[in-house]
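Visitor: Chains as they are written, first to last, in our numbering: chain A, 98 to 415; chain B, 98 to 522. We treat Cβ as the ideally placed atom computed from N, Cα and C, and that holds for glycine. These numbers come from a predicted model, not from an experiment.
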Amino acid sequence: MVFRQKHLLGIEHLHPEEITTLLDLADQYVDLNRRDVKHSEALRGLTQINMFFENSTRTQASFEIAGKRLGADVMNMAMQASSIKKGETLIDTAMTLNAMHPDLLVVRHPHSGAVDLLAQKVNCAVLNAGDGRHEHPTQALLDALTIRRTKGRLHRLNIAICGDVAHSRVARSNLILLGKMENRVRLVGPPTLMPSQINEFGVEVYEDMAEGLKDVDVVMMLRLQRERMDGGFIPSEREYYHRYGLDAEKLKHAKDDAIVMHPGPMNRGVEIDGELADDINRSVIQEQVEMGVAVRMAAMDLLARNLRESRANQPVEV
Amino acid sequence: MSLLFTNARLIDPESLSETHGSLLVQDGVIVNLGAEIAVPEGAEVIDCGGKCLAPGIVDIGVKVCEPGERHKESYRSAGLAAAAGGITTMVTRPDTDPCIDSPETLEFVTRRANEAAPVNVVPMAALTKGREGKEMTEFGFLMDAGAIAFTDCDHVISDTKVYSRAMTYARSLGALVIAHPQEPGLSKGAAVTSGKFASLRGLPAVTPMAERMGLDRDIALIEMTGVKYHADQITTARALPALERAKANGFDITAGTSIHHLTLNELDVADYRTFFKIKPPLRSEEDRLAVVAAVKSGLIDTISSMHTPQDEESKRLPFEEAASGAVALETLLPAALRLFHAEQLTLPELFRAMALNPANRLGLPSGRLSAGAPADLIMFDADAPFVLDRFKLNSKSKNTPFDGQRMQGKVLATYVAGQAVYRRD
Numbered sequence: 098m099v100f101r102q103k104h105l106l107g108i109e110h111l112h113p114e115e116i117t118t119l120l121d122l123a124d125q126y127v128d129l130n131r132r133d134v135k136h137s138e139a140l141r142g143l144t145q146i147n148m149f150f151e152n153s154t155r156t157q158a159s160f161e162i163a164g165k166r167l168g169a170d171v172m173n174m175a176m177q178a179s180s181i182k183k184g185e186t187l188i189d190t191a192m193t194l195n196a197m198h199p200d201l202l203v204v205r206h207p208h209s210g211a212v213d214l215l216a217q218k219v220n221c222a223v224l225n226a227g228d229g230r231h232e233h234p235t236q237a238l239l240d241a242l243t244i245r246r247t248k249g250r251l252h253r254l255n256i257a258i259c260g261d262v263a264h265s266r267v268a269r270s271n272l273i274l275l276g277k278m279e280n281r282v283r284l285v286g287p288p289t290l291m292p293s294q295i296n297e298f299g300v301e302v303y304e305d306m307a308e309g310l311k312d313v314d315v316v317m318m319l320r321l322q323r324e325r326m327d328g329g330f331i332p333s334e335r336e337y338y339h340r341y342g343l344d345a346e347k348l349k350h351a352k353d354d355a356i357v358m359h360p361g362p363m364n365r366g367v368e369i370d371g372e373l374a375d376d377i378n379r380s381v382i383q384e385q386v387e388m389g390v391a392v393r394m395a396a397m398d399l400l401a402r403n404l405r406e407s408r409a410n411q412p413v414e415v
Numbered sequence: 098m099s100l101l102f103t104n105a106r107l108i109d110p111e112s113l114s115e116t117h118g119s120l121l122v123q124d125g126v127i128v129n130l131g132a133e134i135a136v137p138e139g140a141e142v143i144d145c146g147g148k149c150l151a152p153g154i155v156d157i158g159v160k161v162c163e164p165g166e167r168h169k170e171s172y173r174s175a176g177l178a179a180a181a182g183g184i185t186t187m188v189t190r191p192d193t194d195p196c197i198d199s200p201e202t203l204e205f206v207t208r209r210a211n212e213a214a215p216v217n218v219v220p221m222a223a224l225t226k227g228r229e230g231k232e233m234t235e236f237g238f239l240m241d242a243g244a245i246a247f248t249d250c251d252h253v254i255s256d257t258k259v260y261s262r263a264m265t266y267a268r269s270l271g272a273l274v275i276a277h278p279q280e281p282g283l284s285k286g287a288a289v290t291s292g293k294f295a296s297l298r299g300l301p302a303v304t305p306m307a308e309r310m311g312l313d314r315d316i317a318l319i320e321m322t323g324v325k326y327h328a329d330q331i332t333t334a335r336a337l338p339a340l341e342r343a344k345a346n347g348f349d350i351t352a353g354t355s356i357h358h359l360t361l362n363e364l365d366v367a368d369y370r371t372f373f374k375i376k377p378p379l380r381s382e383e384d385r386l387a388v389v390a391a392v393k394s395g396l397i398d399t400i401s402s403m404h405t406p407q408d409e410e411s412k413r414l415p416f417e418e419a420a421s422g423a424v425a426l427e428t429l430l431p432a433a434l435r436l437f438h439a440e441q442l443t444l445p446e447l448f449r450a451m452a453l454n455p456a457n458r459l460g461l462p463s464g465r466l467s468a469g470a471p472a473d474l475i476m477f478d479a480d481a482p483f484v485l486d487r488f489k490l491n492s493k494s495k496n497t498p499f500d501g502q503r504m505q506g507k508v509l510a511t512y513v514a515g516q517a518v519y520r521r522d
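What follows is the structure in structure tokens.
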């Protein structure tokens, strides 16, 4: 079992073995979460602070449940309403929190790299719950766990990531993770929603859904990031749905047993057909949410083990 | 009062040659240079020990944060940094707070500069009031007050009508306009250059093509108005053919680049290091090499420090929110010498771009080693190695991208009009 990380800032820094370690542990937590008594003592005595500088219901709830099931003392801070509005810098906020001796800090921030910056300034384990357009590692890990449990493996699969790749941290973390685990990744979407030179990341880029979905094992839809659009990426939502929205017709190009994923929250009728999203034979969207809690438990458990170990190895101050 | 430098490696950017010999200064002016010069009576003799003697650097585009942000940089601290860095003339930017757009503000900074800075300070003034791109400033009064050129710095005038009128009026006065070639719609909100690295980091990016678009528009306006024009920073390969054509067409156009674009590339940003956030953003390695070649061929005329002090509070932020700019007065020469040690540029070629060309463009008599020129000189050891410690810089702000890096080249002494303003202990 290998997991050497001090923080979970992105998939970029993870070794494939570490990803496997984390997913293996998450499998155990899936079992725990399905019991009547969903409790472990892995994080007992530790303090977990969730700092969300950007609105989130699902991810924050998932981290909160994960922490509570492992016995941590969990606190949520809605940073949009707090001192950041009074002009306090991110570093000052971090230093203030650090003085309260948290052990696990879960951070979401609207700017890429902000979580890295914060991690340099605190003495606890930091988990990136999404920074700007950069990474969202726990989402990629929960997607990986969902695929592994549904498909029975996490390598040599054809996986299409479709939609608004440019504004998506989920897409970045996923394409890095799936590449590390030796899958063939395709990106499908209009060229205005593709990051520049993305073809150099070892992925195939398609502008047409029928071609892009041909014979894939997994279809990952992305949320159309309407709140990030300062206009003019696509002509209209209805044209987008017509050309890139996933429906039963377009899904026919994929393999017969292909699964459909979505990180949520969904825009039904924009990037995905509502009925298809609810089709329990094809859609694994509910499983993704379930896996999310397990993966976050595993991530926090592993980081807490490393944290305790590093503290035990430090000379005791008198 | 005479001063004789002997045993010097004389760097002459006019003839692009290096010779071993002596240089005689009388009353602050170079009077003679050659292999052997007899020691005049009463002259002070300085043995250069075979080290380099070159014209002092003329640096177009230095930001001193007076008025407004003296805590970031004052004329005193910038002047000391310039002297220690071998810069004998700072051509200062008007992008202060408030900006230098009236004769009154210009007179204030000139007075402050004369009181506090040991090197020459030549101020530039804003091209439009408040650098807002709406109304031109009082070019005539500002020139009378000493403005040597007009620039809105990194603000691009998006209203082409305002821009063309300002250029036409500037032409009638023979004023030099310095612009920042950039397509403002494309560069809005950008923190890095678009490409693989920007995509990986998830940072808002600008295509390098935006620079060429800005330059193309400016060249059309030069053709239309006949204005005397200098592009502050050309940093991309794609902009170079346009510049070359404009020069071949005989337009009055010159171009500069920054030392950071010559010595660093986009990958240096690494894990969101904000000291590497500059404007325009660092480019690809291919662009860097093309710009180095353009300096060598003379297509790009000048190299500037683009000295931009920022305090820790402005830089210790998420990359997108952090301020742009880097201090460079003291690192300009050692960074430029990297290109010499890499055998990409010779010492005379470097001083052509750092001293002779900027002086010529601004109509200053300095920047050369020839009889009659002011004795603005630097003596330096081109090889001396050191590791840069940003806290030892004279600048009040310490935002250098070269912190902790191995560099070569130390200034031994700096002279302004024959007076030593800096000596290395």
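1. By Cβ distance below 8 Å, which residues in the same chain neighbour A/Tyr341 in space, the five residues on each side in sequence not counted?
2. B/Phe348 to B/Ile319, Cα distance in whole Å?
3. Could you name the residues of chain B that A/His206 contacts, counting a contact when the two beta carbons are closer than 9 Å?
4. Quick check: the stretch 146-155 of chain B against the stretch 181-200 of chain B, are there 3 or more CB pairs under 8 Å?
5. Would you say the stretch 228-246 of chain A touches the stretch 392-405 of chain A, given that touching needs at least three Cβ pairs under 8 Å?
6. Would you mind telling me which residues of chain A sit closer than 8 Å to B/Glu418, beta carbon to beta carbon, in chain order?
7. Using a Cβ-Cβ cutoff of less than 7 Å, which residues in the same chain neighbour B/Gly243 once the five nearest sequence positions on both sides are dropped?
8. Select from A/Asn403, A/Arg408, A/Gln411 and A/Asn410 the residue whose C-alpha is nearest the C-alpha of A/Phe100.
9. Which same chain residues end up closer than 6 Å to B/Tyr540 when comparing Cβ atoms and leaving out the 5 residues on each side of it in sequence?
10. Confirm, please, whether the CB-CB distance from A/Val262 to A/Leu319 is below 9 Å.
11. If contacts are defined as beta-carbon pairs under 8 Å, then B/Leu444 and B/Cys149 qualify, I think. What distance do you get, rounded to the angstrom?
12. Does the beta carbon of B/Tyr369 sit closer than 9 Å to a beta carbon anywhere in chain A?
13. Tell me the rounded alpha-carbon separation between B/Pro281 and B/Asp251.
14. Is there at least one Cβ from chain B nearer than 9 Å to A/Gly366's Cβ?
15. So the alpha helix (DSSP H) B/Pro455 belongs to, where does it begin and stop?
16. Measuring CB to CB, does A/Ile356 end up less than 9 Å from A/Lys218?
17. Could you confirm whether any beta carbon from chain A is found closer than 9 Å to the beta carbon of B/Arg380?
18. Give me the subset of the stretch 290-316 of chain A whose CB atoms are less than 8 Å from a CB atom of chain B, sorted by chain position.
19. Taking only beta carbons into account, state which residues of the stretch 213-227 of chain A come closer than 8 Å to chain B, listed in chain order.
20. For B/Gly292, return the contacting residues in chain A, with the cut-off set at a CB-CB distance below 7 Å.
21. If distances are taken between C-alpha atoms only, which option among B/Asp408, B/Leu474 and B/Glu229 comes closest to B/Thr257?
22. Would A/Ile273 pass as a contact of A/Ile377 if the rule is Cβ separation under 9 Å?
23. Is the shortest distance between the beta-carbon of B/Thr304 and the beta-carbons of chain A less than 9 Å?
24. Do A/Leu224 and A/Leu400 have their C-beta atoms within less than 9 Å of each other?
25. Just grab the DSSP bridge partners of B/Phe236 for me.
26. How long is the line joining the alpha carbons of B/His168 and B/Val161, rounded to whole angstroms?
27. Go ahead and label A/Gln177 buried or exposed: buried means 16 or more other beta carbons lie within 10 angstroms of its beta carbon, across all protein chains shown.
28. Quick one: give me the first and last residue of the alpha helix (DSSP H) that B/Leu361 is part of.
29. Per DSSP, B/Asp144 is paired with what?
30. When DSSP builds the beta bridges, which residues end up paired with B/Gln505?
31. For A/Ala374 and chain B, any beta-carbon pair shorter than 9 Å?
32. Can you tell me where the alpha helix (DSSP H) with B/Glu427 in it begins and where it stops?
33. Quick one, which residues of the stretch 186-198 of chain A are near chain B if we go by CB-CB under 8 Å, in chain order?
34. What are the boundary residues of the alpha helix (DSSP H) that B/Pro445 is part of?
35. Hey, is the stretch 468-482 of chain B in contact with the stretch 403-416 of chain B, meaning 3+ C-beta pairs nearer than 8 Å?
36. Could you tell me the alpha carbon to alpha carbon distance between B/Met240 and B/Asp500, rounded to whole angstroms?
Guide: According to the structure shown:
1. Along the first sequence, read from residue 1 onward, the residue named residue 341 of chain A stands at position 244. Cys259, Gly260, Val285, Gly286, Pro287, Met306 and Glu368, listed in sequence order.
2. Looking up residue 348 of chain B in the second sequence gives position 251. Looking up residue 319 of chain B in the second sequence gives position 222. Their backbone Cα atoms lie some 7 Å apart in a straight line.
3. Walking along the first sequence from the start, residue 206 of chain A turns up at place 109. Under the 9 Å cutoff, chain B gives Pro415.
4. Counting Cβ pairs under 8 Å, three or more are found: they touch.
5. With contact defined as three or more Cβ pairs closer than 8 Å, the stretch 228-246 of chain A and the stretch 392-405 of chain A are in contact.
6. Within the second sequence, numbered from 1, the residue matching residue 418 of chain B stands at position 321. The answer, in chain order, is His208.
7. By 1-based counting over the second sequence, the position of residue 243 of chain B is 146. Excluding five sequence positions before and after B/Gly243, the CB atoms of its chain that fall closer than 7 Å to its own CB belong to Leu203, Thr207 and Pro220, given in chain order.
8. Numbered from 1 along the first sequence, position 3 holds the residue referred to as residue 100 of chain A. Taking only the C-alpha atoms, the option nearest A/Phe100 is A/Asn403.
9. With chain B running from 98 to 522 in the structure shown, residue 540 of chain B is simply not present.
10. Translated into the one-based positions of the first sequence, residue 319 of chain A becomes position 222. Translated into the one-based positions of the first sequence, residue 262 of chain A becomes position 165. Yes, these two residues count as a Cβ contact at 9 Å.
11. Along the second sequence, one-based indexing puts residue 444 of chain B at 347. Along the second sequence, one-based indexing puts residue 149 of chain B at 52. Contact holds; Cβ gap of about 7 Å.
12. Within the second sequence, numbered from 1, the residue matching residue 369 of chain B stands at position 272. Taking 9 Å as the threshold, the shortest C-beta distance from B/Tyr369 to chain A falls below it.
13. Reading the second sequence from its first residue, position 184 is the one you call residue 281 of chain B. Reading the second sequence from its first residue, position 154 is the one you call residue 251 of chain B. Using only the alpha carbons, I get a separation of about 10 Å.
14. For the purposes of this step, residue 366 of chain A is taken as the residue at position 269 of the first sequence. No Cβ of chain B is located within less than 9 Å of the beta carbon of A/Gly366.
15. Here residue 455 of chain B refers to the residue found at position 358 of the second sequence. Run containing B/Pro455: Asn454 to Leu459, per the alpha helix (DSSP H) assignment.
16. As a first step, residue 356 of chain A must be located in the first sequence, where it is residue number 259. As a first step, residue 218 of chain A must be located in the first sequence, where it is residue number 121. Note that the C-beta distance between A/Ile356 and A/Lys218 is not below 9 Å.
17. Within the second sequence, residue 380 of chain B is the residue found at index 283, counting from 1. Not a single C-beta of chain A is nearer than 9 Å to the C-beta of B/Arg380.
18. If the cut-off is 8 Å between Cβ atoms, the stretch 290-316 of chain A has Pro292, Ser293, Gln294, Ile295, Glu297 and Phe298 near chain B.
19. Listed by position along the chain: Asp213 and Leu214.
20. The residue labelled residue 292 of chain B in the question sits at position 195 within the second sequence. Chain A residues near B/Gly292: Ser293 and Gln294.
21. Stepping through the second sequence from its first residue, residue 257 of chain B is reached at position 160. Per the C-alpha coordinates, the member of B/Asp408, B/Leu474 and B/Glu229 positioned closest to B/Thr257 is B/Glu229.
22. Taking the first sequence and counting its residues from 1, one reaches residue 273 of chain A at position 176. Taking the first sequence and counting its residues from 1, one reaches residue 377 of chain A at position 280. Not in contact: A/Ile273 and A/Ile377 (Cβ atoms no closer than 9 Å).
23. Within the second sequence, numbered from 1, the residue matching residue 304 of chain B stands at position 207. Taking Cβ atoms only, chain A reaches closer than 9 Å to B/Thr304, which makes this a yes.
24. For the purposes of this step, residue 224 of chain A is taken as residue 127 along the first sequence, with counting starting at 1. For the purposes of this step, residue 400 of chain A is taken as residue 303 along the first sequence, with counting starting at 1. Yes. Within cutoff.
25. Locating residue 236 of chain B in the second sequence gives position 139, counting from the first residue. Beta-bridge pairing links B/Phe236 to no other residue.
26. For the purposes of this step, residue 168 of chain B is taken as residue 71 along the second sequence, with counting starting at 1. For the purposes of this step, residue 161 of chain B is taken as residue 64 along the second sequence, with counting starting at 1. Those two C-alpha atoms are separated by around 10 Å.
27. As a position in the first sequence, residue 177 of chain A is number 80, starting the count at 1. Looking at its Cβ environment, which holds fewer than 16 other Cβ atoms inside 10 Å, A/Gln177 is exposed.
28. Translated into the one-based positions of the second sequence, residue 361 of chain B becomes position 264. Premise fails: B/Leu361 is in no alpha helix (DSSP H) and is neither H nor E.
29. Here the question's residue 144 of chain B lines up with position 47 in the second sequence. Answer is B/Thr103, bridged to B/Asp144.
30. As a position in the second sequence, residue 505 of chain B is number 408, starting the count at 1. Paired residues: B/Pro482.
31. Counting from one through the first sequence, the residue named residue 374 of chain A turns up at place 277. No, A/Ala374 does not count as interfacial toward chain B.
32. Here residue 427 of chain B refers to the residue found at position 330 of the second sequence. Neither: B/Glu427 is in no alpha helix (DSSP H) and is coded neither H nor E.
33. From the stretch 186-198 of chain A, only Thr186, Leu187 and Ile188 have a Cβ closer than 8 Å to chain B.
34. Residue mapping note: residue 445 of chain B aligns to position 348 of the second sequence, counting from 1. First-last of the alpha helix (DSSP H) with B/Pro445: Leu444 to Phe448.
35. Counting Cβ pairs under 8 Å, fewer than three are found: no touch.
36. Indexing the second sequence from 1 puts residue 240 of chain B at position 143. Indexing the second sequence from 1 puts residue 500 of chain B at position 403. Straight-line Cα distance between these residues: approximately 39 Å.
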